[in-house]
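K.L.:
One structure, pasted below without further comment.
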Amino acid sequence: MSTLQNIQGNAACAAGAIAAGCRFYAGYPITPSSEIAEQMAARLPKVGGTFIQMEDELGSMAATVGASLGGVKAMTATSGPGFSLKQENLGYAAMTETPCVIVNVMRGGPSTGLPTRPAQADIMQARWGTHGDHPIIVLAPHTVREIFEETIRAFNLAEALRVPVVVLYDETIGHLVETVDLTPPQPEDIVTRTFASGPAEDYLPYAAGEDMIPAFPRPGDGYRTHTTGLTHDERGFPTQDPQKVDAFMKRLLGKLERHAKMIEKTESVEVDDAQVLIVTMGTPARAAKTAIRQLRDEGIRAGLLRPVTLWPFPEAALRAAAKGKRAVLVPEMNAGQLILEVQRVLGGAAPVSGLNVFNGEPIAPQQIAQAVKELVK
Amino acid sequence: MNEIKVTSADEFDIRDWLRTDLMPHFMCPGCGHGIALRALLWACHELGIGKDRLAVVSGIGCSGRTGAYIDANTFHTTHGRPLAFATGLKLARPDLTVIVISGDGDSLAIGGNHLIHACRRNLDMTLVLLNNEVYGMTGGQVSPTTSAERFTTTTPAGNMEPVFDACKLAEGAGASFVGREATLQTPALKDLFKAAIAHKGFSLTEVISDCTEIFGRKNALGSSPEMVLKQKKVMIPAHTDNRVPEPFKPHPFETGVFVRQERPEYGEVYEALRARVREKGK
Chain B
0 MSTLQNIQGN AACAAGAIAA GCRFYAGYPI TPSSEIAEQM AARLPKVGGT FIQMEDELGS
60 MAATVGASLG GVKAMTATSG PGFSLKQENL GYAAMTETPC VIVNVMRGGP STGLPTRPAQ
120 ADIMQARWGT HGDHPIIVLA PHTVREIFEE TIRAFNLAEA LRVPVVVLYD ETIGHLVETV
180 DLTPPQPEDI VTRTFASGPA EDYLPYAAGE DMIPAFPRPG DGYRTHTTGL THDERGFPTQ
240 DPQKVDAFMK RLLGKLERHA KMIEKTESVE VDDAQVLIVT MGTPARAAKT AIRQLRDEGI
300 RAGLLRPVTL WPFPEAALRA AAKGKRAVLV PEMNAGQLIL EVQRVLGGAA PVSGLNVFNG
360 EPIAPQQIAQ AVKELVK
Chain U
0 MNEIKVTSAD EFDIRDWLRT DLMPHFMCPG CGHGIALRAL LWACHELGIG KDRLAVVSGI
60 GCSGRTGAYI DANTFHTTHG RPLAFATGLK LARPDLTVIV ISGDGDSLAI GGNHLIHACR
120 RNLDMTLVLL NNEVYGMTGG QVSPTTSAER FTTTTPAGNM EPVFDACKLA EGAGASFVGR
180 EATLQTPALK DLFKAAIAHK GFSLTEVISD CTEIFGRKNA LGSSPEMVLK QKKVMIPAHT
240 DNRVPEPFKP HPFETGVFVR QERPEYGEVY EALRARVREK GK
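Structure follows, in structure tokens:
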């Protein structure tokens with residue numbers, strides 16, 4: 000059954016969350032993400048879930064993690080200033096391996112910045128916002144349909160890998176209305192964490208097998224475990240034993256690499272014969288697709304590599320796509336964040352230049368086309 | 000909850016409720032938090048709460064570390080946020096009995112916003128606020144409940160700030176159950192916890208605890224028994240009509256249950272909302 004409808008990006012995010020099995024949302028009003036909270040407030044009670052508007056951003060992140068600690072799929076959404084406030088408890092989710100989804104609809108910054116204008120200046124905050132080495136997955140959709148899909152995938156990855164997952168997109172897509180098919184996924188395409196089962200005697204909540212993901216002990220199931228943000232051993236209790244700390248950190252930081260195939264996702268457009276490779280995400284990726292068509296009409300061969308999974312960064316896919324290219328262009332709505340990662344990965348294999356717009360306007364196709372033309376001159 | 004028992008101190012064996020494999024614990028000698036923990040678990044025992052259905056959420060500080068010793072589902076969260084974590088947990092899992100253990104810094108300073116909104120919202124959980132007048136874990140800094148003129152590492156010339164009265168704050172914010180007891184009287188403390196946990200809605204129970212090693216030493220308050228006995232001198236049991244509010248003096252405190260009222264419990268209110276929207280959708 001097709002469910003073709005005109006829907007806004009933020010509403011598609013809420014629809015994706017419900018379809019993924021999200022049954023708890025805690026939020027705090029902030030432009031330009033508030034529609035997600037409003038949608039969830041209306042939708043969740045209908046499916047037996049719970050919506051709560053908390054007293055602040057810190058509390059909404061804490062309540063989201065608290066609900067997930069109870070075994071329920073949970074999410075929150077915010078924008079720049081709120082995303083900063085959520086970072087401490089996001090780190091707690093990473094440390095305690097509590098699945099949760101955080102949506103950050105990016106607006107101009109720093110500080111209060113441009114609340115109603117788009118930006119992509121939280122690319123690095125999404126990866127490194129909370130203190131300490133930590134695992135995190137960040138997904139970067141660029142259409143309304145993709146917001147729906149990637150929100151579902153965010154829940155699936157969070158549940159499968161017991162990790163916080165950030166869905167990161169800019170204000171333009173958040174408020175964009177497109178006609179899309181939001182057919183819910185098949186039940187077999189929805190992932191729910193593995194709950195601990197078996198004898199409670201000698202149970203070790205943080206002992207993981209080959210897959211490095213321990214089963215989740217649901218309160219009430221008889222395991223009576225301890226959850227702490229302190230570095231803990233396999234029993235879940237605090238430890239400072241260097242060997243145990245080392246083993247724990249290696250598993251915590253290594254689990255995403257172990258499951259890299261499940262996580263990695265990129266889109267390639269006309270990359271093979273391209274002279275110039277464009278690497279970008281979100282709204283500028285839409286402009287890049289238009290620019291590539293225009294450039295090809297003029298005989299200039301450009302191609303696009305778009306990280307759909309932004310973090311962990313698709314290093315191998317970028318190296319392969321950039322091979323033999325005359326130049327790499329990184330358009331982004333910030334002063335230069337994605338380009339740092341592109342330069343690091345390519346290590347001088349191809350010249351990399353940026354196209355940076357941070358005036359609150361989306362990047363236009365003409366700007367990208369012009370920049371490519373400069374590079375092939 | 001099953002039958003409610005009343006047991007003597009001898010009949011209750013705290014070891015049934017503790018993770019004894021974590022002993023020895025890391026509290027300082029003379030710390031009042033252990034007495035409060037005993038009273039809390041004694042209350043749970045008498046209320047017939049199953050350990051599998053008990054969730055204890057705590058924050059950061061000496062109070063925050065207290066929960067780990069309980070043989071239940073325990074969550075040691077971030078500084079000041081245990082009430083917010085607990086709000087999510089209780090809404091997602093109304094079948095759990097949720098108890099939050101927090102301290103004066105955790106609840107009244109960094110987590111103050113969550114406290115007042117938890118009081119207002121009236122979700123069914125019990126806050127055990129262990130008030131020892133000091134940030135003990137970090138080495139003895141001034142807290143919002145440190146008495147006037149007391150010495151701490153960040154008030155080397157004596158504290159100049161007025162104190163927060165957690166119970167008055169909670170009452171003002173709309174808490175449906177508010178009470179206070181001191182570690183001096185363990186059975187009374189146990190009874191306060193029992194009433195608070197049994198109360199349907201948000202309960203704040205403030206415990207006048209003592210920090211012997213850091214706060215006591217810094218202020219020459221003597222050994223732990225001496226500190227506890229001093230509680231008696233400044234304690235005003237409820238209903239004596241003997242209010243002496245002197246916020247700038249080492250303060251006298253009232254004990255007893257100050258607020259106990261029936262108010263709609265948030266979880267039930269939300270469940271009614273779910274039923275309403277489902278009915279509309281038909």
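The listed protein sequences correspond, in order, to chains B and U. So in numbering that gives the first Met the number 0, the last one in the first sequence is 376, and the numbering has no gaps at all. So in numbering that gives the first Met the number 0, the last one in the second sequence is 281, and the numbering has no gaps at all. Cβ atoms here follow ideal geometry from the backbone N, Cα and C, with glycine treated the same way. Owing to the predicted nature of the structure, the values given are computational and were not obtained by experimental measurement.
In chain order, what residues of the same chain lie with their CB nearer than 7 Å to the CB of Ala13/B, ignoring the 5 residues before and after it?
P.N.:
Ile35, Gln38, Met39 and Arg42
K.L.:
Using a Cβ-Cβ cutoff of 7 Å, what residues of the region 32-55 of chain B are near chain U? List them in chain order.
P.N.:
Within the region 32-55 of chain B, the residues whose Cβ lies closer than 7 Å to some Cβ of chain U are Pro44, Lys45, Gly47, Thr49, Ile51, Met53, Glu54 and Asp55, listed in chain order.
K.L.:
Please state if the CB of Cys27/U and the CB of Gly135/U are separated by a distance shorter than 9 Å.
P.N.:
yes
K.L.:
Using DSSP with H/G/I as helix, E/B as strand and the rest coil, what is Pro186/U?
P.N.:
helix
K.L.:
How is Ala36/B classed by DSSP in three states: helix, strand or coil?
P.N.:
helix
K.L.:
Quick one: residues in its chain with C-beta nearer than 8 Å to the C-beta of Asp55/B, no 5 flanking neighbours on either side, listed in chain order?
P.N.:
Tyr27 and Leu84
K.L.:
To the nearest angstrom, how far is the alpha carbon of Glu360/B from that of Glu373/B?
P.N.:
22 Å
K.L.:
Would you say the region 63-82 of chain U touches the region 85-92 of chain B, given that touching needs at least three Cβ pairs under 8 Å?
P.N.:
yes
K.L.:
Suppose only complete runs of 4+ residues qualify. What are the alpha helix (DSSP H) ranges in the region 80-150 of chain B, listed by chain order?
P.N.:
Listed in chain order, they are 122-127.
K.L.:
Within the region 2-75 of chain B, note down every full beta strand (DSSP E) run reaching 3 residues or more, in order along the chain.
P.N.:
3-7, 23-26 and 49-52
K.L.:
Which term fits Val102/B, buried or exposed, when burial requires 16 or more other beta carbons within 10 angstroms of its beta carbon?
P.N.:
buried
K.L.:
Run the CB neighbour count on Asn358/B, radius 10 Å, all protein chains shown included, and call it buried at 16 or more, exposed below.
P.N.:
exposed
K.L.:
By the criterion of Cβ-Cβ separation under 7 Å, what are the contact partners of Val71/B in chain U?
P.N.:
Ala91
K.L.:
Which value, in whole angstroms, describes the spacing of the CA atoms of Lys232/U and Phe236/B?
P.N.:
40 Å
K.L.:
Give the residues from the region 70-103 of chain B that approach chain U closer than 9 Å (Cβ to any Cβ), ordered along the chain.
P.N.:
So the close ones are Gly70, Val71, Ala73, Glu87, Asn88, Gly90, Tyr91 and Thr95.
K.L.:
Using a beta-carbon distance cut-off of less than 9 Å, what residues from the region 147-169 of chain B approach chain U?
P.N.:
Residues of the region 147-169 of chain B with a C-beta less than 9 Å from any C-beta of chain U: none at all.
K.L.:
With distance defined between alpha-carbon atoms, name the residue in Asp132/B, Gly112/B and Gly173/B nearest to Pro140/B.
P.N.:
Gly173/B
K.L.:
Taking 9 Å as the CB-CB limit, is His225/B close to chain U?
P.N.:
yes
K.L.:
Are the CB atoms of Phe201/U and Leu129/U within a distance shorter than 9 Å?
P.N.:
Contact: no.
K.L.:
Cβ of Val56/U within 9 Å of Cβ of Gly65/B?
P.N.:
yes
K.L.:
Can you list the residues of chain B that Ala276/U reaches, using a CB-CB cut of under 9 Å?
P.N.:
Residue 276/U is actually Val in this sequence, not Ala. In chain order: Ala41, Pro44 and Lys45.
K.L.:
Compute the distance between the beta-carbons of Leu339/B and Leu317/B, then report whether it is under 9 Å.
P.N.:
In terms of Cβ geometry, Leu339/B and Leu317/B do not form a close pair [threshold 9 Å].
K.L.:
Can you name, in chain order, every residue of its own chain whose Cβ lies under 6 Å from the Cβ of Glu245/U, other than the five neighbours on each side?
P.N.:
Its pLDDT being 48, under 50, Glu245/U is placed unreliably in this model, and the coordinates cannot settle the point.
K.L.:
Report the option in Ala71/U, Ala8/U, Gly102/U and Asp12/U whose CA atom is closest to the CA atom of Cys210/U.
P.N.:
Gly102/U
K.L.:
Distance check for Ala118/B and Ala326/B, CA to CA, integer angstroms please.
P.N.:
25 Å
K.L.:
Suppose you measure from the CA of Lys260/B to the CA of Val104/B; what does that come to, to the nearest Å?
P.N.:
Rounded to whole angstroms, Lys260/B to Val104/B spans 26 Å at the Cα level.
K.L.:
Tell me whether Val97/U is buried or exposed, calling it buried when 16 or more other Cβ atoms sit within 10 Å of its Cβ.
P.N.:
buried
K.L.:
Whole angstroms are fine: how far does the CA of Pro143/U sit from the CA of Pro236/U?
P.N.:
23 Å
K.L.:
Using the beta-carbon of each residue, which ones in chain U are nearer than 9 Å to Thr63/B?
P.N.:
Gly87
K.L.:
Alpha carbons only, please: which of Ile213/U, Lys279/U and Ala117/U is nearest the one belonging to Val141/U?
P.N.:
Of Ile213/U, Lys279/U and Ala117/U, the smallest CA-CA separation from Val141/U is found for Ile213/U.
K.L.:
Give every residue of the same chain whose Cβ lies closer than 8 Å to the Cβ of Phe257/U, excluding the five residues on either side of it in the sequence, and list them in chain order.
P.N.:
Cys166, Glu170, Val177, Gly178, Arg179 and Ala237
K.L.:
His225/B and Ala67/U look like a contact to me (Cβ under 8 Å); what is the Cβ gap, rounded to whole Å?
P.N.:
6 Å
K.L.:
Could you pull out every residue in the same chain whose Cβ sits closer than 6 Å to the Cβ of Phe247/U, ignoring the five residues on either side in sequence?
P.N.:
Annotation note: pLDDT 40 at Phe247/U (below 50); position unreliable, coordinate value reported separately. Excluding sequence neighbours, Phe247/U sits near Ala147.
K.L.:
Going along chain B, which residues have a C-beta under 9 Å from Asn112/U?
P.N.:
Glu54, Asp55, Leu57 and Gly58
K.L.:
Reducing DSSP to helix, strand and coil, say where Glu256/B ends up.
P.N.:
DSSP places Glu256/B in helix when its eight states are reduced to three.
K.L.:
Start and end of the beta strand (DSSP E) containing Phe74/U?
P.N.:
Asn72 to His75
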